[in-house]
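One rule links them: number in the working numbering = place in the sequence shown (from 1) + 432.
Ideal Cβ positions, reconstructed from N, Cα and C, are used throughout, including at glycine.
Treat the numbers as computed from the prediction; the structure is a model and nothing was measured.
Written out below as structure tokens is the structure these notes cover.
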Amino acid sequence: MSQALLECADIQKSFGGVPVLKGITLDLQPGTVTALAGENGAGKSTLMKILYGMQAPDEGVMKVFGNEVHFAKPTDAIALGIGMVHQHFMLVSTMTVAENIVLGAEPGSEVALDLNKASTNIRKLSEEFKLAVNPHAVIEHLSVGQQQRVELLKALYRQARVLILDEPTAVLTPQEVDEFFAILRGMRQQGKTVVIITHKLSEVLAISDEVTVMRDGRVVGQVATKDTNAAELARMMVGREVLLRVEKPDADVGTTGLLVKNLSVSTSDGSKRVNGVSFEVRKGEILGIAGVEGNGQTELIEALAGLVTPAHLTGEIRLEGRDITRVDARSRRELGIAHIPEDRHRRGLLLDFSLAENSILGVHYRKPVVSTAGIFLDNQAIRKRAAQIIEDFDVRPTNQELPARALSGGNQQKLIIGREFDLRPKLLLVSQPTRGVDIGAIEFIHRKLVALRDEGCAVLLVSAELEEVTALADRLLIIHEGRIVGDVDPKVATIEEIGLLMTGGH
Ligand SMILES: Nc1ncnc2c1ncn2[C@@H]1O[C@H](COP(=O)(O)OP(=O)(O)O)[C@@H](O)[C@H]1O
Ligand SMILES: [Mg+2]
């Protein structure tokens, strides 16, 4: 084996006396892609921040090409060829691509003078690494995928030999992920060392040469990707056997729960986001809607939940035969429509309110709950209900006085799901139920969705995760530019076929 480009031994780190890294040893070879996998809170980001000089280890040694190094700040790591792209991009949105790339790279120099030279360099790099982006474009006009390319270019511009990527695919569409992986393969070919953090097993298997699995501050597995599989990786990440396949008997389908006829939704500027959509969801089935994000899914679900002003909507929505097109959101909930929204921070939870308070959102009037904190409400009943949801849905920690903000994303999601299931809905509208959720919790959420279906609920599931939607759905519609462009049997259709329909192909 050649000498490691970057290695660390027995790295330890505590925050406020709580150990977060408990002795990590890792080495990275040139020209390889290493996946760093592990559930939320395992310590992946902390370890990478240490390798990038953003945080100092309490104990342990780091070496670059065999020489011990001590990074006091990221520029020390950058000087030795280590680059990092963070979970949240660090670009200045009002500046151009070239300005962002040069920014801070050449301290003390005249930025204006450098920009011409920089543009030429940026063009060269973008050709070499197939990172198409216009150096003169302003960041805020770029898509998330393009902004990520700018971050990569920024690292390459600084001559990074090691690229650390913290959950880079979380913000990308399936198509963008494919393009992104092609870029990473190109980098590997050029001898770069890539470390990619992800908790998606399919991505680990698709892109990496080596996998390091972390759990609870330790490395619990280091394997060559070709020698492992999804089940083994999941077991290492979670620390127990995990059922990766959704076990689901055939749907026992009843009468029509939801009927949507020729529904269109437009924005205030008049553009149509949902365009003449018709379908039905029967009781006891999960109808999936697959599509690249931004093709009308959000607007469709919001229209069904009653969150779109009637003026922006035409067509007909019926719940068990009853016309509810003009019924407001609260009344729809009372009629038996539950909603697990895609953006749990904006729509699902009040982050500064307790778990108990969040567990009754939308069940009682929102106003008294929010403004007078319990005066009009039966506190004991709330506590009992919250405790039940926390127990049934395995929300951790279990202290219902904690603000929702204190929970991890997966536990916040379990709280929302528990609250919505507790309505005993006739129709469940659910978007991206497992985004940002750990594998163990994904398995749990999937089981709960199937159980609700088997109780006779009509479930409408929107997910950008093709694997999820094909595994859960009994029937699958594909949405593209606001129209239903396909209706397939998820047991038969291939991911390629569905992917093609999603991009408007046939
Ligand atoms: N600056 C910090 N202060 C206190 N605790 C932190 C800090 N950064 C991370 N942690 C804690 O360290 C643990 C590991 O976090 P992190 O490295 O972000 O995990 P991962 O990236 O694997 O999800 C978590 O419990 C997190 O809450
Ligand atoms: Mg992280």
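{"Item": "Three-state secondary structure (DSSP) of D610", "Value": "helix"}
{"Item": "Buried versus exposed call for G753 [16 or more other C-beta atoms within 10 Å across all chains shown]", "Value": "exposed"}
{"Item": "Euclidean distance between Cα positions of V740 and R762", "Value": "13 Å"}
{"Item": "C-alpha distance - I514 paired with Y484, whole-angstrom precision", "Value": "7 Å"}
{"Item": "Near ligand 2: S477 beta-carbon under 6 Å from a heavy atom", "Value": "yes"}
{"Item": "As assigned by DSSP and simplified to three states, the class of R851", "Value": "helix"}
{"Item": "Beta-ladder partner(s) of G577, from DSSP", "Value": "Looking at the DSSP assignment, G577 forms no beta bridge with any residue, so it has no partner."}
{"Item": "Buried versus exposed call for N811 [16 or more other C-beta atoms within 10 Å across all chains shown]", "Value": "exposed"}
{"Item": "Check whether V678 and H744 have beta carbons under 7 Å apart", "Value": "no"}
{"Item": "Validate contact between the region 495 to 503 and the region 575 to 589 using beta carbons, cut 8 Å, 3 pairs", "Value": "no"}
{"Item": "Top-ranked residue by Cα proximity to R902, from A890, D919, C889, H912", "Value": "Note on identity: in this sequence residue 902 is Thr, with Arg being the wrong assignment. The candidate whose alpha carbon is nearest that of T902 is D919."}
{"Item": "Burial state of I927, where buried means 16 or more other Cβ atoms lie within 10 Å", "Value": "exposed"}
{"Item": "Coarse secondary structure for M494, derived from DSSP in three states", "Value": "strand"}
{"Item": "Identified DSSP bridge partners for T699", "Value": "T699 is not bridged to any residue."}
{"Item": "Per DSSP, cross-strand counterpart(s) of T625", "Value": "V594"}
{"Item": "Residue(s) in a DSSP beta bridge with T660", "Value": "DSSP, once it has assigned bridges, lists no residue as partnering T660."}
{"Item": "Buried or exposed by the 16-neighbour rule on C-beta atoms within 10 Å, applied to K445", "Value": "buried"}
{"Item": "Between the CA atoms of V565 and Q832 - distance to the nearest angstrom", "Value": "48 Å"}
{"Item": "Residue closest to V651, alpha-carbon to alpha-carbon, out of G841, G470, K586, L695", "Value": "G470"}
{"Item": "C-alpha distance - V645 paired with I443, whole-angstrom precision", "Value": "15 Å"}
{"Item": "Beta-carbon spacing of P462, G723 below 7 Å", "Value": "no"}
{"Item": "Touching by the beta-carbon criterion (3+ pairs, under 8 Å), the region 709 to 718 and the region 652 to 660", "Value": "no"}
{"Item": "Where T478 falls, given that 16 or more other Cβ within 10 Å makes a residue buried", "Value": "buried"}
{"Item": "CB-CB length for L460 against L438, believed under 8 Å", "Value": "5 Å"}
{"Item": "Residue interval of the beta strand (DSSP E) (run including Q820)", "Value": "Element bounds for Q820: not the beta strand (DSSP E) but the alpha helix (DSSP H), 811 to 824."}
{"Item": "Three-state secondary structure assigned by DSSP to V651", "Value": "strand"}
{"Item": "R510, DSSP secondary structure in three states", "Value": "Strictly speaking, residue 510 in this sequence is Ile, with Arg absent from that position. Looking at I510 - three-state DSSP - the assignment turns out to be helix."}
{"Item": "For Q461, three-class secondary structure by DSSP", "Value": "coil"}
{"Item": "Buried or exposed (CB count within 10 angstroms, at least 16 for buried), S710", "Value": "exposed"}
{"Item": "Contacting residues, own chain, Cβ-Cβ under 6 Å from R915 (five flanking each side not counted)", "Value": "N707"}
{"Item": "heavy atom of ligand 1 below 6 Å from G455 C-beta", "Value": "no"}
{"Item": "Outcome for H568 when other beta-carbon atoms lying within 10 angstroms are tallied against a minimum of 16", "Value": "exposed"}
{"Item": "Those residues which DSSP pairs with T687 across a bridge", "Value": "DSSP lists no partner for T687."}
{"Item": "Anticipated Cβ contact below 8 Å, L468 with V627, distance rounded", "Value": "6 Å"}
{"Item": "Rounded Cβ spacing between N790 and A735 (contact assumed at less than 8 Å)", "Value": "N790 to A735, Cβ: 25 Å. No contact."}
{"Item": "Terminal residues of the alpha helix (DSSP H) in which G872 lies", "Value": "871 to 886"}
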